[in-house]
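Visitor:
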Amino acid sequence: MSVKVAILAMVIGAVPAAPRSGGTTARIARVWNGQVSSARADEYERYLYDNGIKALRRTRGNLGAQMFRRAAGERAYFVVISYWPSEESIRAWAG
Numbered sequence: 001m002s003v004k005v006a007i008l009a010m011v012i013g014a015v016p017a018a019p020r021s022g023g024t025t026a027r028i029a030r031v032w033n034g035q036v037s038s039a040r041a042d043e044y045e046r047y048l049y050d051n052g053i054k055a056l057r058r059t060r061g062n063l064g065a066q067m068f069r070r071a072a073g074e075r076a077y078f079v080v081i082s083y084w085p086s087e088e089s090i091r092a093w094a095g
């Protein structure tokens with residue numbers, strides 16, 4: 001499977017905390033971007049969910065993860081956003 005990958009950004013800012021906490025707290029959103037041919041988009045989405053989203057959600061320190069998909073002609077574009085409490089927690093996961 002040919003996949004083009006680019007890291008878009010690491011964004012630090014105030015985002016709403018979990019509803020039960022009643023406040024905001026600094027978080028880091030790590031954004032990952034990839035694309036595949038439209039013909040392989042369903043296969044890649046399953047792969048990305050099984051090997052990316054599930055793994056992120058099991059990782060100590062991870063505050064959540066989301067995956068987005070957009071079809072455009074012959075390509076399918078994916079964005080994965082994972083949320084972390086600190087840069088150190090990202091480094092522990094990503095190395």
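Using the numbering used here, the first residue of the sequence shown is number 1, and each one after it goes up by one.
C-beta: ideal position from N, C-alpha, C; glycine also.
What is the DSSP secondary structure of Arg27, reduced to helix, strand or coil?
Guide: Walking along the sequence shown from the start, residue 27 turns up at place 27. In this structure, Arg27 counts as strand in the three-state DSSP scheme.
Visitor: From the DSSP output, in three-state form, read off Ser38 for me.
Guide: Against the sequence shown, residue 38 aligns to sequence position 38. Of the three classes helix, strand and coil, the one that applies to Ser38 here is helix, per DSSP.
Visitor: Give the single residue among Glu88, Ser82 and Ala39 whose Cα lies nearest to the Cα of Glu74.
Guide: Looking up residue 74 in the sequence shown gives position 74. Nearest option by C-alpha distance: Ala39.
Visitor: Mind checking Glu87: buried by the 16 CB within 10 Å criterion, or exposed?
Guide: What you label residue 87 is simply residue 87 of the sequence shown in a count that begins at 1. By the neighbour-count rule (16 or more Cβ atoms within 10 Å), Glu87 is not buried but exposed.
Visitor: So, helix, strand or coil for Gly52, using DSSP?
Guide: Sequence index remark: in the sequence shown, residue 52 carries index 52 (1-based). DSSP places Gly52 in helix when its eight states are reduced to three.
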